[in-house]
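Engineer: Before I ask anything, here is the structure I am working with.
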Amino acid sequence: MLKKLTLAAILALSPLAQAEVVDDPALTEPEITITHDGDSTYYEYTINGQLKEIKVVPKVGKPYYLVPADGSQKFIRVEESQLLIPKWVIFRW
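Pasting the structure below:
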């Protein structure tokens, strides 16, 4: 009886011993800071303390993105996001 209980405990706890913690920087979610300035809203995406992208949503017109140019302090304008994060739109009007 004791052997069966020991075997059952080992089998029940074995998945916990095999569980692996994934600490991949590519899977970390960005911090998003939202600011309003005049007629535009800015979404600043920061990952590990580095500003990766700024989404600019003007009151009139299409949203666009500002991304760092070659790791410098200058930003260039692009039409699509460079970040690979879930961006589901559930409802928009």
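Heads up: the sequence shown is residues -19 to -1, 1 to 74, going by mature numbering (1 follows the signal peptide of the UniProt record, and there is no 0). Ideal Cβ positions, reconstructed from N, Cα and C, are used throughout, including at glycine. This structure is a prediction, so every number in the text was calculated from the model and none was measured.
#1: Look at the alpha carbon of L47 and the alpha carbon of I71, and state the distance between them as a whole number of angstroms.
#2: To the nearest angstrom, how far is it from the Cα of K55 to the Cα of G42?
#3: Going along the chain, which residues of its own chain have a beta-carbon closer than 6 Å to the beta-carbon of Q31, five neighbours each way excluded?
#4: Between the beta-carbon of Y13 and the beta-carbon of Y26, is there less than 7 Å?
#5: Mapping DSSP to helix, strand and coil, what is I71?
#6: Is the beta carbon of P39 less than 7 Å from the beta carbon of S62?
Structural biologist: By the coordinates alone:
#1: Start at 1 with the first residue of the sequence shown, and residue 47 comes out as number 66. Start at 1 with the first residue of the sequence shown, and residue 71 comes out as number 90. Rounded to whole angstroms, L47 to I71 spans 24 Å at the Cα level.
#2: Within the sequence shown, numbered from 1, the residue matching residue 55 stands at position 74. Within the sequence shown, numbered from 1, the residue matching residue 42 stands at position 61. Cα-Cα distance, rounded: 23 Å.
#3: Against the sequence shown, residue 31 aligns to sequence position 50. So the list is empty, once near-sequence residues are dropped.
#4: Along the sequence shown, one-based indexing puts residue 13 at 32. Along the sequence shown, one-based indexing puts residue 26 at 45. The sequence given here has Ile at residue 13, not Tyr. Their beta carbons are under 7 Å apart, which means I13 touches Y26 by this criterion.
#5: Within the sequence shown, the letter at position 90 stands for residue 71. The answer is coil: DSSP assigns I71 none of H, G, I, E or B.
#6: On the sequence shown, position 58 is the one that residue 39 refers to. On the sequence shown, position 81 is the one that residue 62 refers to. No, the Cβ-Cβ distance between P39 and S62 is not below 7 Å.
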